[in-house]
Each structure stands twice: as C-alpha cells, then as structure tokens.
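Per numbering that gives the first Met the number 0, the sequence shown runs over residues 0 to 207. Each residue gets a CB set at the ideal place from its N, CA and C atoms; glycine is no exception. Have a look at the structure below before the remarks.
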Amino acid sequence: MFADFSHEARAIAQGCQLVAGVDEVGRGPLAGPVLAAAVILDPQAIPEGLADSKLLSAAQRDALLKIILHQALGIGIGSASAVEIDRINIRQATLLAMRRAVAALPLRPGLVLVDGNDPPRLPCRCEAIIGGDALTSSIAAASIVAKVTRDRMMARLGQLYPAYGFAGHVGYGTARHRAALKEHGPCPAHRYSFAPVKGVWTRAESLP
Numbered sequence: 000m001f002a003d004f005s006h007e008a009r010a011i012a013q014g015c016q017l018v019a020g021v022d023e024v025g026r027g028p029l030a031g032p033v034l035a036a037a038v039i040l041d042p043q044a045i046p047e048g049l050a051d052s053k054l055l056s057a058a059q060r061d062a063l064l065k066i067i068l069h070q071a072l073g074i075g076i077g078s079a080s081a082v083e084i085d086r087i088n089i090r091q092a093t094l095l096a097m098r099r100a101v102a103a104l105p106l107r108p109g110l111v112l113v114d115g116n117d118p119p120r121l122p123c124r125c126e127a128i129i130g131g132d133a134l135t136s137s138i139a140a141a142s143i144v145a146k147v148t149r150d151r152m153m154a155r156l157g158q159l160y161p162a163y164g165f166a167g168h169v170g171y172g173t174a175r176h177r178a179a180l181k182e183h184g185p186c187p188a189h190r191y192s193f194a195p196v197k198g199v200w201t202r203a204e205s206l207p
C-alpha cells in the first residue's frame, strides 16, 4: 500500500502553502541516536512508491531517497544523542529530535504532519496522524529519509566500535548485540539508561 498526498492537498487547498511531514526512527535501540526527518514535498513532483520505510527494501529506500533529495522543496534532519536520551528520557529526546528536524528545514511550513499520536510543540500548526508513515506522502518520505540516514550513521559507528556489529542490527537488542554487551560492556554510543545496557554496566562496575 502506498501513501498519498490527500492530507497535504486539503491543507494546501485551505490556504496552507507549505506542508511538512515528520517521522522518527530509533526509539527502541540500545545504542545510537534517535533521529527525525522533516520533508516538504513539491505538490507538482510527488515521488512514486512512497510508503512506510519499514515496508520497503534497503534498495527501494536508497532509490527513493535519491528522488526525494532531488525533488523535495525542503528537508531537515534532527537527532538526539545517546547522552541526551539518558539525560532527558527517550520520549523527550524523540520530541527534541523532531523539533530540531523542523527547525532545520530551509522553508517554514504552515502545517506539520507527524507520524503517531505524540506530536512535539512547534511554532506552527501540527497534526498527529497514527500510521501516517503508511498513509501520508510527506510522512512516508520523512520515514525513508530518517531510516536511511540513521542506518548510515550506525554503519559509521560500527567502524568506530567494531565489536558490536552496529551496521547489521543498527543498535537494536539482537542476540548478537546482547552477547557483545556481555563480553565487552557498553561503549560511548550505548544508552546507559536502557535496562539491558544498565544491567550489564552495573554488573561490570561491581566486579573487583
């Protein structure tokens, strides 16, 4: 199922010139940032095949990213680091990443459409759409930008910390990742407030 531009088209017909879609990726992993993307699509050049990034292959996401980068009116990226996640919690860090993504847009939207039911406070009108990454073109585009961008960031972290296999699981708590945590302990990219990491760290600290 592909997303469509109907939500944006209605807003534009009501006088809102620029509509941005926002989505995040990386709430659940044990390591790495939470990252959000904001995308303002050109109503005259909507890429074909936009869908929830989780339903697309890596090759499809990469191909769509190139089109989005070429055709979108504006793209903004925002993230919150593992340190920030530990300091303010994952929900607040996610909202912060979304605000940073919108602030990074080169154009100021009149409406922001956000995936889910927990939108950030923004200086413009904001509407949350549950399942929006599968329904709404702008949010679907944002989900693709966010997913590919974060995956590439995790691959780079994998080069810095090769013991954990970040490029493969992008920070999620797979069996391989948990085994590496037990063997090596956490690295600076880990979220120390998350239970699996905190448990390993506490045990390691208690050793003589």
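Residue i versus residue j - alpha carbon distance
i: F1; j: A10; result: 20 Å
i: Q16; j: L64; result: 23 Å
i: A50; j: N116; result: 19 Å
i: V82; j: P187; result: 8 Å
i: G20; j: H176; result: 32 Å
i: E47; j: K53; result: 17 Å
i: V199; j: G75; result: 36 Å
i: T148; j: Q70; result: 17 Å
i: S80; j: L72; result: 27 Å
i: S137; j: G14; result: 17 Å
i: A12; j: V18; result: 11 Å
i: P122; j: A57; result: 34 Å
i: I87; j: P118; result: 17 Å
Buried or exposed by the 16-neighbour rule on C-beta atoms within 10 Å, applied to residue i
i: D132; result: buried
i: P105; result: exposed
i: V196; result: buried
i: P32; result: buried
i: G157; result: buried
Under 9 Å between C-beta atoms of residue i and residue j
i: L55; j: E7; result: no
i: G77; j: A103; result: yes
i: T135; j: R26; result: no
i: A35; j: A100; result: yes
i: I89; j: I143; result: no
i: R120; j: R151; result: no
i: F165; j: A154; result: yes
i: P28; j: G170; result: yes
Best match in the options for proximity to residue i [C-alpha to C-alpha]
i: H168; options: A71, K146, I66 and A92; result: K146
i: G210; options: A30, D3 and Q13; result: The first residue shown for the chain is 0 and the last is 207, placing residue 210 beyond what the model contains.
i: G109; options: R98, L95 and C125; result: C125
i: L95; options: E23, R149 and G198; result: E23
i: D114; options: A37, A154 and H183; result: A37
i: I84; options: S5, D3 and R190; result: R190
i: D3; options: P28, I45, G14 and P119; result: I45
i: E182; options: G170, S192, A162 and A166; result: A162
i: Y128; options: P119, R120, L112 and L121; result: Residue 128 is actually Ile in this sequence, not Tyr. Checking every option, the nearest Cα to that of I128 belongs to L112.
i: P42; options: R60, A178 and S5; result: S5
i: A253; options: Q59, G14, Y160 and P122; result: Examination of residue 253 is not possible in this model, given that the chain is present from 0 through 207 alone.
7 Å CB neighbourhood of residue i in its chain, flanking five on each side removed
i: Q91; result: none
i: D61; result: V147
i: F193; result: L29
Cβ neighbours of residue i in the same chain (closer than 8 Å, five flanking residues each side left out)
i: Q59; result: G48
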